[in-house]
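J.:
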Amino acid sequence: MPLQETQALVLRTDNLGEADKIVTLFSPQTGKIKGVANGARRPKSRFGSSLEVLSYIRVVYFAQPKGLHRLNQTDLVDYFPKIRVELPKLAAALYLVDLVNSLTEQEDSNPDLFNLLLYNLKIINQGNFEPVLLRIFEIRALTVLGFAPQFEKCTICKKRLDFLQKNVYNILCGGILCLECAKDKGGISLSCGSINFLKQAVKIDLDKIGRLKLSANQAQEVKQLLHQHILYNIKQEINSYRFLEKL
Amino acid sequence: MIYSESLQELIKEFKKMPGIGEKNAQRLAFYVLQISNEQAQKLSMAIINLKTRIRYCSICSNLTEVDPCAICHNPSRDHSLICVVEDPKALIAIEKTGQYKGVYHVLMGTLSPLDNIGPDDIRIKELMTRVEKNDVKEVIMGTSPNMEGETTSLYIARLLSPLGIKITRLARGVPIGTDIEYADEITLLNALEGRTKF
């Protein structure tokens, strides 16, 4: 049972027994891990408020070769207090952690995805929340995990696309089709503006993502495309997305 | 089978209860076995009475034997002051203070976006109808200070704010009888922000 220390974001917590919690953490070193925090629900627990969802913590745990790890000690690094007092920000942040939880497997390290999540939580905490941020997060998360839709070439015939005409995205093919291939396969119509946004969103430096804008139509197109693409890849609904949509 | 069929069945039923494992279930079943027939009948009647008599109050959703419940029926309580709580256990905890003279609204749960528990799954609509139909001056958010409780409070506050009603929440801070040096940063921060004049 080696003692491990890492920084992590709390993705979710589930009650266990009378006073314990199963905590799902996302760490840059180990990826998604699950551990038991004994007595975490007691008012005088040594874990304090550090094991709330969305907390950024430093954690010491006894690593178990199989099953759940045992959390030993936690220190709070950031609580993102401004996220927790505004409903749109809270719903958006919960969607981000829920998405990461759904897209990742346990013990699969991905420091890029961790940094992306942490950066976005900081942005939501600091500034005014814009829904475009969620779209940028979605496409970048899909990209670092290798699930991103193909935009450069037709996914069937591999012909380079010029994006001057009507574009069709086919969910089963995982990308854009040329007009010839689209005749047989069909799919969702996508404007050039939306495609350019998605291509830019992947490449642009994180500190410049505030420059990316979408029109109302493009925002709807991009949202629909990414949501369909995510659902197709993870084969399940994302619970917090429904709540976000109801606001 | 180690135990007789009826003993095995009782152990199985006890094991379904929260916090009861195999050993505890066995202990309880053997306790029932050694009590008198009269005691066993009292126990079974108590369970049946609980299930047949207890219902939810049509006004506040609290557990009650008469509808409306004793709190909603009491004319000396302030009906313009509603404290919103998650479940009947939270209501009992506040009632134990003996100081609160308003009425309650029990949500029977909290919003949990990560578990797909949305506004339609708890009694938010009933709260809104109640507030709109009655002369309510203040709503106190008495949900737990965790992610689910905060989400629920924020959601309800957002629905209530256009109605011009005073919305308050329970203060949060250092528990009585503890040392400040052991309090975590968030609790202390909340205590500092919510400090009151001496």
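Protein sequence lines correspond, in order, to chains A and B.
Numbering-wise, our numbering puts 160 at position 155 of the first sequence, and it's gapless, one number per residue.
Numbering-wise, our numbering puts 85 at position 61 of the second sequence, and it's gapless, one number per residue.
Glycine residues also receive a C-beta, built at the ideal position from the N, C-alpha and C atoms.
1. Ignoring anything shorter than 3 residues, give me the beta strand (DSSP E) runs that lie fully in the stretch 89-116 of chain A, in order along the chain.
2. Under a CB-based cut-off of 8 Å, is Met171(B) close to chain A?
3. For the candidate residues Asn140(B), Pro137(B) and Arg147(B), whose alpha-carbon lies nearest to that of Cys81(B)?
4. Which one or two residues does DSSP pair with Asp91(B) in a beta bridge?
5. So, with DSSP's three-state summary, where would you put Thr202(B)?
6. Residues of chain A with CB closer than 9 Å to the CB of Asn48(B), please, in chain order.
7. Any contact of the stretch 66-75 of chain A with the stretch 98-105 of chain A, i.e. 3+ C-beta pairs under 8 Å?
8. Quick one: what does DSSP say Ile106(B) is sitting in, helix, strand or coil?
9. By Cβ distance below 6 Å, which residues in the same chain neighbour Glu110(A) in space, the five residues on each side in sequence not counted?
10. Would you kindly work out how many angstroms separate the C-alpha atoms of Asn130(A) and Gly215(A), rounded to a whole number?
11. Is DSSP giving Gly198(A) helix, strand or coil here?
12. Tell me whether the stretch 26-36 of chain A and the stretch 6-17 of chain A touch, counting them as touching only if at least three CB pairs, one residue from each stretch, are closer than 8 Å.
13. Does any residue of chain B have a CB that is nearer than 8 Å to the CB of Asp83(A)?
14. Cβ closer than 9 Å: which chain A residues qualify as neighbours of Pro143(B)?
15. What are the boundary residues of the alpha helix (DSSP H) that includes Asp210(A)?
16. Checking contacts by CB at 8 Å: is Arg147(B) closer than that to chain A?
17. Alpha helix (DSSP H) containing Gly173(B): first to last residue?
18. Could you check if Leu147(A) is buried or exposed, using at least 16 other CB atoms within 10 Å of its CB as the buried criterion?
19. For the candidate residues Ile83(B), Glu172(B), Gly122(B) and Pro143(B), whose alpha-carbon lies nearest to that of His129(B)?
20. Count the other CB atoms, across all protein chains shown, that sit within 10 Å of the CB of Asn61(B); report buried if there are 16 or more and exposed otherwise.
21. Tell me whether the beta-carbon of Leu99(A) lies closer than 8 Å to the beta-carbon of Leu138(B).
22. Look up Ile38(A) in the DSSP assignment and give the residues it is bridged to.
23. Can you tell me whether Lys190(B) is helix, strand or coil according to DSSP?
24. Hey, out of Ser199(A), Phe134(A) and Val82(A), whose CA is closest to Lys228(A)'s CA?
25. I'd like to know if Arg182(B) contacts chain A, where contact means its C-beta is closer than 8 Å to some C-beta of that chain.
26. Since Asp208(B) meets chain A, which of its residues come closer than 8 Å, beta carbon to beta carbon?
27. Identify whether Tyr174(A) lies in helix, strand or coil by the three-state DSSP scheme.
28. Under 7 Å Cβ-Cβ, which residues of chain B neighbour Asp103(A)?
29. Pick helix, strand or coil for Ile141(B), following the three-state DSSP scheme.
30. Note down, in chain order, each residue of its chain lying with its Cβ closer than 6 Å to the Cβ of Asn43(A), except the 5 sequence neighbours on either side.
31. Pull up the DSSP beta-bridge partners for Asp83(A), would you.
32. Quick check on this structure: which residue in Ala187(A), Lys164(A), Lys251(A) and Glu143(A) has the alpha carbon closest to the alpha carbon of Phe202(A)?
33. Rank Ala97(A), Cys162(A) and Leu219(A) by C-alpha distance to the C-alpha of Lys190(A) and give the top, closest one.
34. When you compare each of Thr175(B), Asn158(B) and Asp159(B) to Gly166(B) by their alpha carbons, which one comes out closest?
35. Return the CA-CA distance between Thr121(B) and Ala114(B), expressed in angstroms with no decimal places.
36. Using the rule of at least 16 other Cβ atoms within 10 Å of the residue's Cβ for burial, across every protein chain shown, is Leu139(A) buried or exposed?
T.: Looking at the coordinates:
1. none
2. yes
3. Out of Asn140(B), Pro137(B) and Arg147(B), the CA that lies nearest to the CA of Cys81(B) is found in Arg147(B).
4. Per DSSP, none; premise fails for Asp91(B).
5. coil
6. Under the 9 Å cutoff, chain A gives no residues; its nearest Cβ is about 12 Å from Asn48(B).
7. These segments do not touch.
8. Look at Ile106(B) here: in three-state DSSP terms it is strand.
9. none
10. 14 Å
11. Gly198(A) falls in the helix class under three-state DSSP.
12. Contact annotation: the stretch 26-36 of chain A touches the stretch 6-17 of chain A, with at least three C-beta pairs closer than 8 Å.
13. Not closer than 8 Å to any Cβ of chain B, the Cβ of Asp83(A) fails to qualify, so no.
14. Phe248 and Lys251
15. Counting along the chain, Asp210(A) falls outside any alpha helix (DSSP H), and DSSP gives it neither H nor E.
16. no
17. Met171 to Leu184
18. buried
19. Ile83(B)
20. exposed
21. yes
22. Leu30(A)
23. strand
24. Ser199(A)
25. yes
26. Gly53, Ser54, Ser55 and Leu81
27. strand
28. Per Cβ cutoff of 7 Å: Leu138.
29. strand
30. Asp25
31. Beta-bridge pairing links Asp83(A) to Tyr61(A).
32. Glu143(A)
33. Of the listed residues, the one whose Cα sits closest to Lys190(A) is Cys162(A).
34. If you compare the alpha carbons of Thr175(B), Asn158(B) and Asp159(B) with that of Gly166(B), the shortest gap goes to Thr175(B).
35. 12 Å
36. If you draw a 10 Å sphere on the C-beta of Leu139(A), you find 16 or more other C-beta atoms in it, and that means buried.
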